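Here the structure is laid out as structure tokens; the discussion comes afterwards.
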Amino acid sequence: MVARLSNEEMKNAKLKDILGPLKGVVNAALPLVKAPPLHEVRNALLFEFPYAVDVIDFALADLVGRTTVHLRPLLLVGEPGGGKSRFGRRLGEVLGLSVWRTDASRSDGAVFGGTDRRWYSAEPCHPLLAIAQGKIASPLILIDEVEKAALRSDYGRLWDCLLGFLESETNARYPDPALQTNIDLSHVSYIATANSLDPLPSPIRDRFRVVRFPKPTADDLDALLPAVLADLAKERGLDGSWVPPLDWLERMAVARHWRGGSVRRLRRIVEAILRERDLRAVRN
Numbered sequence: 005m006v007a008r009l010s011n012e013e014m015k016n017a018k019l020k021d022i023l024g025p026l027k028g029v030v031n032a033a034l035p036l037v038k039a040p041p042l043h044e045v046r047n048a049l050l051f052e053f054p055y056a057v058d059v060i061d062f063a064l065a066d067l068v069g070r071t072t073v074h075l076r077p078l079l080l081v082g083e084p085g086g087g088k089s090r091f092g093r094r095l096g097e098v099l100g101l102s103v104w105r106t107d108a109s110r111s112d113g114a115v116f117g118g119t120d121r122r123w124y125s126a127e128p129c130h131p132l133l134a135i136a137q138g139k140i141a142s143p144l145i146l147i148d149e150v151e152k153a154a155l156r157s158d159y160g161r162l163w164d165c166l167l168g169f170l171e172s173e174t175n176a177r178y179p180d181p182a183l184q185t186n187i188d189l190s191h192v193s194y195i196a197t198a199n200s201l202d203p204l205p206s207p208i209r210d211r212f213r214v215v216r217f218p219k220p221t222a223d224d225l226d227a228l229l230p231a232v233l234a235d236l237a238k239e240r241g242l243d244g245s246w247v248p249p250l251d252w253l254e255r256m257a258v259a260r261h262w263r264g265g266s267v268r269r270l271r272r273i274v275e276a277i278l279r280e281r282d283l284r285a286v287r288n
């Protein structure tokens, strides 16, 4: 049970709008996601991120021996373009979790931690909204570019707000300001990404398991291409079998323009080649 309210509180007029998105969450038992076979999860992630085997093993080691999915706070640090955010999202999806993404540069403590019921814009904390969205007690919160959170404290810094969610002592009885009751967020998992550790205060660093996320090199090209093609086919609404592998000339063109680094750039190059392939098919 994540949130409990009395019958009197449920009838409170001020709570009517707040409880709208929380239908099915308050006073209801919610399921936890059972841990899938870890070797299957590992193989699925290796197909998409063949250059990040150490990160995959580091993340999944946290689930060894568990019957349900719960990750201790994980911080992926690496240069832009390496696929940190996509890895965090895909890790959650492959594990069967619903994923709630927060852009740290556009968030503050009041937004993420919830706003008090006395304000017209009262809203529950984001982890509770993530639970309501996924209809499970154990969603994954993905916090993108956590080092870019605002330094101003007008509405509370996101960094300070996060501390209460990351500690097991406090997240099991988090005082939601909108519901004005303690809620149990102890099964929520958190993954954050950062381009650099330097801006982050030590209390935040201490609460995350920090792992360096690598960038792929030119040697990873052949391992990356099948996953890139499959993902682009999915974006087009196609079965992957309808998109043939790159031929020798196409592969050479990719290798000439991509010598490692940004996976986003690799995707754009492959996408351009597929568009050219489509144009040739139309002309012929």
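Using this note's numbering, you'd call the opening residue of the sequence shown number 5 and step up by one each time. The C-beta atom is built at its ideal place from N, Cα and C for all residues, glycine as well. No experiment lies behind these values; they were computed from the predicted model shown.
Using only the alpha-carbon positions, how far apart do A231 and V150 sit?
27 Å
Take G160 as the anchor and find which of G113, Y194, N47 has the nearest alpha-carbon.
G113
For I140, which of helix, strand or coil comes out of DSSP?
coil
W163 and I195 closer than 8 Å at C-beta
no
Which residues in the same chain as A136 place their Cβ atom closer than 6 Å to its Cβ, once the five residues preceding and following it in sequence are excluded?
P25, L26, V29
Would you check if the distance between the CB atom of V59 and the CB atom of G100 is smaller than 8 Å?
no
Sort out for me which residues DSSP pairs K38 with in a bridge.
T72
With 16 as the cutoff for other CB atoms within 10 Å, does D148 come out buried or exposed?
buried
Residues bridged to V81 by DSSP?
A198, R216
Note down the Cα distance separating A198 from P77, rounded to an integer number of angstroms.
13 Å
Run through DSSP, which three-state label would P181 get?
coil
Within its chain, find whatever has a CB closer than 7 Å to the CB of V57; leave out the 5 residues flanking it on each side and keep chain order.
L50
On the DSSP bridge list, what partners appear for R359?
Any property of residue 359 remains undetermined from this structure, which presents the chain solely from 5 to 288.
Kindly indicate the opening and closing residues of the alpha helix (DSSP H) around F53.
Unbroken run through F53: none, as it is neither H nor E.
Would D180 be called buried (16 or more neighbouring beta carbons within 10 Å of its own) or exposed?
buried
Residues bridged to N186 [DSSP beta-bridge criterion]:
P179
Mind reading off the beta-carbon distance from V81 to V214? Whole number of angstroms is fine, and I expect it under 8 Å.
6 Å
Of the choices L236, G265, W252, whose alpha-carbon is the least far from that of V274?
L236
Expected contact under 8 Å - CB spacing of P128 and G118 to nearest Å
5 Å
Which of the three DSSP states is assigned to V4 in this structure?
The requested residue 4 does not occur in the structure, where the chain is confined to residues 5 to 288.
In three-state terms, what does DSSP make of A48?
helix
Backbone CA spacing between G86 and R263 [nearest angstrom]:
13 Å
Are L270 and V247 touching if we call contact CB-CB under 8 Å?
no
Between which two residues does the alpha helix (DSSP H) containing V258 stretch?
252 to 261
Check A7 in the structure and name its three-state DSSP category.
strand
Name the residue from T174, R255, P205, L95 whose alpha carbon lies nearest to the alpha carbon of R281.
R255
So, helix, strand or coil for T221, using DSSP?
strand
Just to confirm, is the Cβ distance from D188 to V6 under 8 Å?
yes
8 Å contact criterion, which S245 and S193 should meet: CB distance rounded
About 34 Å separates the two Cβ atoms, so there is no contact after all.
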